[in-house]
Each structure stands twice: as structure tokens, then as C-alpha cells.
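**Student:**
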Amino acid sequence: MQRRIATENDLDRVTETVHLAFLDDPVWSVALARPDGSTEHARDFWRQYVRGAQRYSTVFLVEGTEVGGGDEAAAVAVWLPPGGDELSDEHEAEIERIVREYLEPDAARALFLLWERFEAHHPHDEPHAYLSLLATHPTHRGRGIGQQLLAENLAHFDSAGIHSYLESTNPANNHRYERAGFARIGEFSAVLNEAPVTTMWRSAR
1 MQRRIATEND LDRVTETVHL AFLDDPVWSV ALARPDGSTE HARDFWRQYV
51 RGAQRYSTVF LVEGTEVGGG DEAAAVAVWL PPGGDELSDE HEAEIERIVR
101 EYLEPDAARA LFLLWERFEA HHPHDEPHAY LSLLATHPTH RGRGIGQQLL
151 AENLAHFDSA GIHSYLESTN PANNHRYERA GFARIGEFSA VLNEAPVTTM
201 WRSAR
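Here the sequence shown stands for residues 1 to 205, where the numbers follow our numbering.
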């Protein structure tokens, strides 16, 4: 299985895979929900995170054609390098616009509070790579493609002596991250539904 760094030309495909993968996420499906059930705004929300990481050339993808699929991005890993900012001022402003335009006021306030909780629990004492998003296209779920991509990324970071950190917003994935060498270091709750968010750390090997 070949992975490669996603380019600007891959932005739409990478964003689509992230968008589809998180539609049923216990935290984000609620945090981004609109009263009418529409989800188009969530696609633009995730796009800003992908754009933010692409500044560092740390967005990785597996082509669908590599694993028996089509032109979709079969799996995507959105990383930030040690010391990297997740969003530029431009990206953050665009997210705030999307949230205020599409979400009800109470939901918007809850999402901004959720942001604060993510930041408050993010460790800053040791340099590390941050796995912002790991997503598998729905047509490729259950085949271990995302985990293979993660393993290849971690092998690269290990060779450079770089630690890794992530937040798991789906308890069903926690054991998968533990198999990859991550350990649970904390937990906090989402705002609207109190779904658990597990913080996890992996020391370089």
C-alpha cells in the first residue's frame, strides 16, 4: 500500500473523505448538527483543518485505486508537525463564519466551548506531532487501511524521535490507537451530549 503527501489538487478529495468519515462520529455529528439535518456546512468546516495542515505538507493519503477502489481518497491522515499551528488566522476566521452562519446560536456557543476544551487538554510540555484527523472513506471501512496509514506515519516519526498525540472522539477506536502504541492520558466530555473525548500519547520508539 502506497501513501503520499496530499497536494493542493487533492484538497477536495481529502476533505470529502474526512467529511464522510465523521458524519456518524459521536462528538462531531452532534456538535455540527443543524436542526434540519443538513451536513453540507460540515464539509467546509473540515476543509479548513485540511488546508491548515497542508501548509506543512503533513497531510497523507492512500489512493482508492491502491486498494481496489476508484478516485476517492481511501484513507487520510491530517498531522501537524511539532510546534505547528492547526489553523492560520484566515482558516480560523472562516471556521467561525461557518459556525455562526449555519449553526443555531446555542450550538455555535457549544462548539466554541468544545474548541476550548480540546485546547485545554492538549499537552504542551513536550514537542510532538499532532494527529488532527484520521479518516477512512466509508467504502473502505473495516479493511485496516487507516491503521496501516497510521502505522507508516508513526514509523516515520519514530525514526525522527518525534512523539505523537491525538484525541479520540469515538470510543470504538480507542483500542485501535492503543494497538498502535498510544496510551490514554486523559478524558473530557463534549458539550452538547457529554460524549467522551479520550486524549492519547505515544512516545517515540
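Beta carbons are placed, not taken as given, at the ideal position from N, Cα and C, and that holds for glycine. The model shown is predicted, which means the values in this text are computed figures rather than measured ones.
As a quick exercise: from ALA108, ALA155 and GLU92, pick the residue whose alpha carbon is nearest that of ARG47.
**Tutor:** GLU92
**Student:** If we cut at 8 Å on Cβ distances, does ASP10 have a partner in chain D?
**Tutor:** Here there is only one protein chain, and chain D is not present.
**Student:** Extract the residue ranges of the beta strand (DSSP E) inside the stretch 58–97, only unbroken runs of 3 or more that lie entirely within it.
**Tutor:** 59–63 and 73–80
**Student:** Quick one: what's got a C-beta closer than 6 Å to LEU20's C-beta in the same chain, skipping five residues either side?
**Tutor:** PRO138
**Student:** Can you tell me where the alpha helix (DSSP H) with LEU150 in it begins and where it stops?
**Tutor:** 145–159
**Student:** Which residues in the same chain as ALA73 place their Cβ atom closer than 6 Å to its Cβ, once the five residues preceding and following it in sequence are excluded?
**Tutor:** ARG13, VAL14, THR17 and LEU61
**Student:** DSSP state of GLY186, grouped into three classes?
**Tutor:** strand
**Student:** Spell out a yes or no on whether the stretch 113–125 and the stretch 180–200 are touching, meaning 3 or more CB-CB pairs, one atom from each, closer than 8 Å.
**Tutor:** With the cut-off at 8 Å, the stretch 113–125 and the stretch 180–200 touch.
**Student:** Pairing CB atoms from the stretch 94–108 with CB atoms from the stretch 170–182, are three or more of them under 8 Å?
**Tutor:** Segments in contact, no.
**Student:** Which residue marks the beginning of the beta strand (DSSP E) containing SER38, and which one marks its end?
**Tutor:** That residue, SER38, is in no beta strand (DSSP E); it is neither H nor E in DSSP.
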